[in-house]
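Notes to accompany the following structure.
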Amino acid sequence: MKPSLINILSFLFPIILFLSSLLPSPTDAAGGRWQLLQPSIGISAMHMQLLNNDRVVVFDRTDFGLSNLSLAVGKCPKNSKDCTAHSAEYNVATNTLRPLTVQTNVWCSSGSVMADGTLVQTGGSFEGERRVRLFKPCSDNTCDWQEVNLGLAKSRWYATNHILPDGREIIIGGRRQFNYEFYPKTIDNKVYDLPFLAQTNDKGIENNLYPFVFLNVDGNLFVFANNRAILLDYVKNQVVKTYPQIPGGDPRSYPSSGSAVLLPLKNIQAKNLEAEVLICGGAPKGSFTQAMKGKFIPALNTCARIKITDPTPNWVVETMPSARVMGDMTLLPNGNVLLVNGAGAGTASWELGRDPVLTPVIYRPGNIIGSRFELQNPTTIPRMYHSTAVLLRDGRILVGGSNPHSGYEFTGVLFPTELSLEAFSPSYLDNPNLRPRIVLPASQTNLKYSQRFSVRFRLTGKLDPNSLSTTMVSPSFTTHAFSMNQRLLVLPTTGQVKNLGKSTYQVDVTTPSSGVLAPSGYYLLFVVHREIPSQGIWVQIN
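Heads up: the sequence shown runs through residues -29 to -1, 1 to 513, numbered per mature numbering (1 follows the signal peptide of the UniProt record, and there is no 0).
Right, dumping it as structure tokens:
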């Protein structure tokens, strides 16, 4: 008698199950470790900036009510009954917090760090929309926010800042602001129209807020909003290039909130230096309107990459392992990109995100298409709207925030307000004995442009000169799925690596030639061997 189909399947099932267990799964390639640093810092990390004293300034909006972090007596804002902090300084080395006083509303604001290390933070909402706030780092715990009333010519809410080669800061766009201006005002106090921002303003939705802005290697600014980009000569107030629309035409900037990075700048001494921009995730057209009606459309699962220096540039589209909106993209010291945080459906804005994406992804820009994405180990904490991530000097990524509500809500909601801080350690930190260790120069070293200098480091194990590089990373101001001023340069080496004995080596490198490649300021310098970076040291280039 012939065996029945059920009998055959029952016989084969254990064999199939066994064989399938031998096949690689997405988690087999996963890496990295998560560590809960602080279960609560008292505020939700809507904005974060690492400063050159290894402290991270964190702040949230000020008008939602009391936070869970109290201010000291005498530190309360003027003319306010609220004596809780809405900003804090996080000390990375000691894993401790110090409350700070911010006087006006910094909700959905922007910022960048000036050449002397001062965080210049601009705009916000209501009484804060034309404010400039300064935070100069200190070592004695006495520094706090200083505010300049009417420091801006226009209201700046959801704007983007970028530090410029001449040391100024440009502030671009914002809600109902189709223009840009500069800070400080000593050289130029004018406001310049930018029609491109009006052209990318979807009626009733905008989708052009927090534009992605990068300083190109020719000194002009790459500005992306909605689904397209221009190259802006901000000195002459002229558009010098218009890029093709991103394939598919879906919006990628706020509130559709993809994320973007300028990929590492290599061969920086070459005459025809290339620069590439990568934009990942976002939300399809109409997602915001549908989410307002309770229908949450899956986010975009694509990245688009373009050589912005090409005479006839075109976007190349790649597929991510999963869809993501409101994600953060962080440049790692070895030149890879970490995608972290965000949601799988909906858009940015209050209550409009669904399906938290817990699994980070590493993007390897040097690999061929189809082999660039690598899944990492997941966190257990949803990081939705108003989440942030910044690179730390030790190579970890500090992750915080997530508050999709107009106030702090801890119960009875889909995604409670998150006050915790986590650190994600990429797999390059798995074996600290394999990490290079910089011996010279000392941290806080001052450098000049086109300066040749020696980097001495110790390394356990055999050196592979072909897998050695020295990178320089600018710390970013991160908010709303975009890290402003983020930049990584691979420094050119001169001659061969010298073996000094006792596992000590020396390599001669040269700094960038001008502020067009690396605007003046503080950078983190790393030695990278076999994709494993050293701890960084702070250098200041002028």
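The beta carbon of each residue, even a glycine, is placed where N, CA and C say it ideally should be.
Starting from residue i, follow the beta strand (DSSP E) in both directions and report where the run begins and ends.
i, result
"Leu495", "492 to 500"
"Ser438", "Run containing Ser438: none; DSSP gives neither H nor E here."
"Tyr379", "Run containing Tyr379: none; DSSP gives neither H nor E here."
"Pro327", "324 to 327"
"Ile508", "508 to 512"
"Tyr129", "Element bounds for Tyr129: n/a, residue is neither H nor E."
"Gly472", "464 to 472"
"Arg199", "199 to 204"
"Ser58", "58 to 62"
"Val28", "26 to 30"
"Ile368", "368 to 372"
"Tyr181", "That residue, Tyr181, is in no beta strand (DSSP E); it is neither H nor E in DSSP."
"Gln216", "Careful: Gln216 lies outside any beta strand (DSSP E) and carries neither H nor E."
"Ala489", "Neither: Ala489 is in no beta strand (DSSP E) and is coded neither H nor E."
"residue 540", "In this structure the chain extends from -29 to 513, so residue 540 is not present and cannot be described."
Could you pull the start and end residues of the alpha helix (DSSP H) that residue i belongs to?
i, result
"Ser258", "258 to 263"
"Phe167", "166 to 170"
Would you say residue i lies against chain B (beta-carbon separation less than 8 Å)?
i, result
"Gly383", "The structure shown contains no chain B, having only a single protein chain."
Skipping 5 residues on each side, what residues in its chain have a beta carbon closer than 6 Å to that of residue i?
i, result
"Pro436", "Val468"
"Pro446", "Leu21"
"Ile176", "Phe259"
"Gly315", "Ala270, Ala294, Asp326, Val328"
"Arg139", "Phe153"
"Phe267", "Ala316, Gly317, Arg325"
"Ser(-26)", "Low per-residue confidence applies at Ser(-26): pLDDT is 45, beneath 50, and the placement is therefore not dependable enough to give any value."
"Pro(-4)", "For Pro(-4), the predicted model reports a pLDDT of 34, less than 50, meaning its position is unreliable; a value from the coordinates is still stated below. Counting only Cβ-Cβ distances below 6 Å, and skipping sequence neighbours, we find Leu346."
"Ser96", "Asn76, Trp78, Trp128"
"Cys54", "Leu42, Cys47"
"Arg367", "Ala394, Ser396"
"Arg223", "Gly229, Ile250, Gly253"
"Val361", "Met19, Leu21, Leu369, Thr449"
"Pro136", "Gly486, Val487, Pro490"
Quick one: what's got a C-beta closer than 8 Å to residue i's C-beta in the same chain, skipping five residues either side?
i, result
"Leu151", "Note on residue identity: the sequence assigns Tyr, not Leu, to residue 151. For Tyr151, where only same-chain residues beyond five positions count, the Cβ hits under 8 Å are Ile141, Ile142, Ile143, Gly144, Val162, Tyr163, Leu165, Tyr205."
"Thr441", "Val426, Val461, Leu462, Thr464, Val478, Val480, Leu496, Phe497, Val498, Val499"
"Leu105", "Thr89, Leu90, Val91, Gln92, Trp116, Gln117, Glu118, Val119"
"Pro387", "Glu380, Phe381"
"Pro407", "Phe428, Arg429, Leu430, Val498, Val499, His500, Ile503, Pro504, Ser505"
"Val103", "Val91, Gln92, Thr93, Glu118, Val119, Gly122, Leu123, Tyr154"
Have a look at the options and flag the residue whose alpha-carbon is nearest the alpha-carbon of residue i.
i, options, result
"residue 524", "Lys207, Asp189, Thr283", "Residue 524 is absent from the structure shown; the chain starts at -29 and stops at 513."
"Pro304", "Leu496, Tyr379, Cys251", "Leu496"
"Arg4", "Leu459, Ser485, Pro490, Pro397", "Pro397"
"Ser414", "Ser505, Leu471, Ile217", "Ser505"
"Arg257", "Ala231, Asn197, Asp281, Glu245", "As written in the sequence, residue 257 is Gly, which differs from the Arg given in the question. If we check each option's Cα against that of Gly257, Asn197 comes out closest."
"Ser491", "Val311, Ile134, Gly341", "Ile134"
"Asn470", "Thr449, Thr431, Thr65, Asn208", "Thr431"
"Arg69", "Lys46, Asp87, Ser83, Val103", "Lys46"
"Ser41", "Asp34, Gln422, Glu289, Gly13", "Gly13"
"Trp128", "Lys156, Ile279, Val77", "Val77"
"Pro218", "Asn172, Asn238, Arg276, Gln240", "Arg276"
"Gln511", "Gly2, Asn23, Leu180", "Asn23"
"Gly337", "His357, Thr330, Pro331, Gly306", "Gly306"
"Gln457", "Asn208, Gln422, Lys433, Tyr494", "Tyr494"
"Tyr399", "Gly220, Leu309, Asn132", "Leu309"
"Leu392", "Arg423, Asn402, Ile352, Gly366", "Ile352"
"Thr482", "Asn62, Gly466, Lys419, Ala169", "Lys419"
"Met85", "Leu411, Leu233, Met455", "Met455"
"Leu71", "Lys107, Asp87, Gly94", "Lys107"
"Leu385", "Arg367, Trp321, Asn348", "Trp321"
"residue 561", "Phe448, Asn179, Gly265, Asn348", "As shown, the chain starts at -29 and ends at 513. That puts residue 561 outside it, with no answer to give."
"Phe185", "Asp111, Ser83, Ile368", "Ser83"
"Ser373", "Arg364, Ser358, Asp365", "Ser358"
Looking only at its own chain, which residues have a Cβ that is under 7 Å from the Cβ of residue i, when we skip the five neighbours before and after it?
i, result
"Phe(-17)", "Unreliable positioning characterises Phe(-17) in this predicted model, as indicated by a pLDDT of 37, which lies under 50. A coordinate reading is not provided."
"Leu203", "Asn191, Leu192, Val194, Val210"
"Pro(-6)", "Its pLDDT being 31, under 50, Pro(-6) is placed unreliably by the model, and the measurement read from it follows with that caveat. Excluding residues within five positions, none has a Cβ falling inside 7 Å."
"Pro231", "Per the sequence presented here, residue 231 reads as Ala, with Pro not at that position. So the list reads Phe183, Phe195, Val248, Leu249, Ile250, Met300, Phe453, once near-sequence residues are dropped."
"Thr273", "Val288, Glu289, Thr290, Met291"
"Asn238", "Leu244"
Give me the Cβ distance between residue i and residue j, rounded to the nearest whole Å; I'm assuming they're in contact under 8 Å.
i, j, result
"Ser228", "Gly253", "7 Å"
"Gly324", "Cys251", "Rounded, the Cβ-Cβ distance is 16 Å, inconsistent with contact."
"Ser11", "Leu459", "Not quite, the Cβ-Cβ distance comes to about 32 Å (not below 8 Å), so this is no contact."
"Tyr214", "Pro284", "6 Å"
"Ser58", "Phe35", "Actually they are not in contact, since the Cβ atoms of Ser58 and Phe35 sit about 14 Å apart, beyond 8 Å."
"Asn160", "Ala130", "Actually they do not touch by this definition, with Cβ atoms about 17 Å apart."
"Lys278", "Glu245", "6 Å"
Legend entry - In chain order, each beta strand (DSSP E) run of at least 3 residues that lies wholly inside the segment 71 to 157: Listed in chain order, the complete beta strand (DSSP E) runs (minimum 3 residues) inside the segment 71 to 157 are 81 to 84, 90 to 93, 103 to 106, 117 to 119, 131 to 134, 140 to 143, 150 to 154.
Legend entry - Within the segment 220 to 302, ranges of the alpha helix (DSSP H) (whole runs, at least 4 residues): 258 to 263
Legend entry - Continuous beta strand (DSSP E) assignments of at least 3 residues falling wholly in the segment 392 to 468: 392 to 396, 408 to 411, 416 to 418, 423 to 429, 439 to 445, 448 to 450, 453 to 455, 458 to 461
Inset, instruction - Any chance you could list the beta strand (DSSP E) runs of at least 3 consecutive residues sitting entirely within the segment 307 to 364, in chain order? - result: 308 to 311, 314 to 317, 324 to 327, 332 to 334, 344 to 346, 358 to 362
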